[in-house]
Amino acid sequence: MQFLMHGLDNNNKAQSLKRLQDMGIRGIVSGFDEEAIALAAEQGMKAYVCTHAFTAEGQFGENPYLAEDVHGQKHVWFNSACPNHPEIQKDHLRRIDTWSRTPGVSGIYVDGARFSSPCSSADFRSFFTCFCPHCAEKAAALGFDFERMQHDVQRLLSVFEGRESLPLVNNLPYGGVDLLVLLNALPGVGDWLRFRAQSIAEHMADAAATLRAADPDAVLGMYIFSPSIAPWVGQDYSQLRQHVDVFAPMIYRSLQAGEGPACLNKETSRLGRELVNHDVMTDENAVAFLQTLTGFPLSEYATVVEVDRELPVAAVQMETQRARNLLGSRHPLLPIIQLDDDGLAQSTAAALAGGADGVNFFVYMAERLPLLQKVLNQQLRRES
Ligand SMILES: [Zn+2]
């Protein structure tokens, strides 16, 4: 069983690493920090560097690099730009190459290797990207009908904005979302999701090749969306498992910070919130829609706001089990769960019961360490 921590105390690096190690934490994942890497290596801990794949930092924040929505509007999403821009991809590979060659680095965890999601920006339309010239070129190269894709994704956006009605929700709340009817009516939406997935799989193949060339022993990890929402953002577990070694689905069930990109509670509830706010459906039906979409037991939930606040612990086990089913037994599965989860012990146990090989905790907080210590003691005792 392997436990990792995302981040450390930047003011007391050596001390916090020692404390984590004494608790049974085997390694840390953090931004590129040579001092922390050296200290971790010195005391026999693993140090993984987290990269932000398609960063919109510096010149990449300028319009030509940004993602474009289905109506031609530019967006920065999750502080990221267009996932298919060749210069942005090259910059990410360059960072993987440099950082993985640094002594003491055990591997790379790629974050943000995806397209925009419902919660990647305050502007919901950032989700309906990317239709920039680079993506048009890429879509043509992959054999997609870009115009059909664009046309149908425009119509999907119209549904969410209440301007067009499609059989998305006819049978609610009695069960059954007419997704097959929807995909038949809008085949370009299916193309869009497959286009996203193929683009990301190609980039992760490049990332893996870059890493292997720099250090054949280094591990390629990925902070990835939970299985029930991963297909929206172009993260296809079955394609990615050909390139990625370790999978860390972000199964945050009650994270509250900001928009909440990647947080399961935030991302799922945002879809419902948009539909309710645009009078596409009632709150009750929106909850039923989310339950049908994810399979989470939401029958006790009356409103989308409650879903936004917190998902049941059962969701952690379900998502871990889904990831395990998609990956098979060969790939290490280390879900990342929030350290400030009110039910930290239950969520940790749920991830392990779902087939995880360990847990990665997000994010280092000194005041949560006494509780974490108890949780780890319990799990490590059970193992021995
Ligand atoms: Zn693009």
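Position 293 (the sequence shown) corresponds to 293 in our numbering; numbering is contiguous.
Even for Gly, the Cβ is constructed at its ideal location relative to N, Cα and C.
Source: prediction; values computed, not measured.
Tell me which same chain residues have a C-beta within less than 7 Å of the C-beta of Tyr301, skipping the five on either side of it?
-> Around Tyr301: Val287 and Val307.
Would you kindly check if the distance between the Cβ of Ala230 and the Cβ of Thr129 is under 8 Å?
-> no
Gly107 (DSSP reduced to helix, strand or coil) = Correct three-state label for Gly107: strand.
Looking only at DSSP bridge pairs, what is Leu4 linked to?
-> Gly27 and Asn360
Between Asn10, Ala214, Val70 and Trp192, which lies nearest to Ile37 when the distance is taken from Cα to Cα?
-> The shortest C-alpha separation from Ile37 is found at Asn10.
Rounded to a whole number of angstroms, what is the C-alpha to C-alpha distance between Asn12 and Phe127?
-> 39 Å
Would you call the CB atoms of Pro187 and Arg148 closer than 8 Å?
-> Cβ distance < 8 Å, so Pro187 and Arg148 count as in contact.
Indicate whether Leu240 and Ile108 have their beta-carbon atoms separated by less than 8 Å.
-> no
Measuring alpha carbon to alpha carbon, tell me which of His52, Ile28 and Ala141 ends up nearest Lys46.
-> Ile28
Identify the residues that DSSP records as bridge partners of Phe225: which are they?
-> Met250
Identify the residues that DSSP records as bridge partners of Leu220: which are they?
-> DSSP output for Leu220 lists Ile108 as bridge partner(s).
Close beta carbons around Gly7, own chain, < 6 Å, minus the five adjacent residues each side = Ser30, Val363 and Tyr364
Inter-residue Cα distance where the pair is His75 and Ala81 | 8 Å
Buried or exposed by the 16-neighbour rule on C-beta atoms within 10 Å, applied to His243 = buried
Lys237 - containing alpha helix (DSSP H), residue span | Reading off the sequence, residue 237 comes out as Tyr, not Lys. First-last of the alpha helix (DSSP H) with Tyr237: Tyr237 to Leu240.
Minimum C-alpha distance to Arg309 - residue among Gly260, Ala350 and Asp22 = Arg309 has its Cα closest to that of Gly260, out of Gly260, Ala350 and Asp22.
Among Gln378, Thr210, Met1 and Glu319, which residue has its Cα nearest to the Cα of Ile251?
-> Glu319
Taking the C-alpha atoms as reference points, what is the distance between Ala366 and Ser121?
-> 29 Å
When the Cα atoms are used, what is the spatial distance from Ser116 to Phe54?
-> 11 Å
What is the residue span of the alpha helix (DSSP H) that Ala122 lies within?
-> That residue, Ala122, is in no alpha helix (DSSP H); it is neither H nor E in DSSP.
Mind checking which residues open and close the alpha helix (DSSP H) that includes His52?
-> Run containing His52: none in the alpha helix (DSSP H); it sits in the beta strand (DSSP E), Lys46 to His52.
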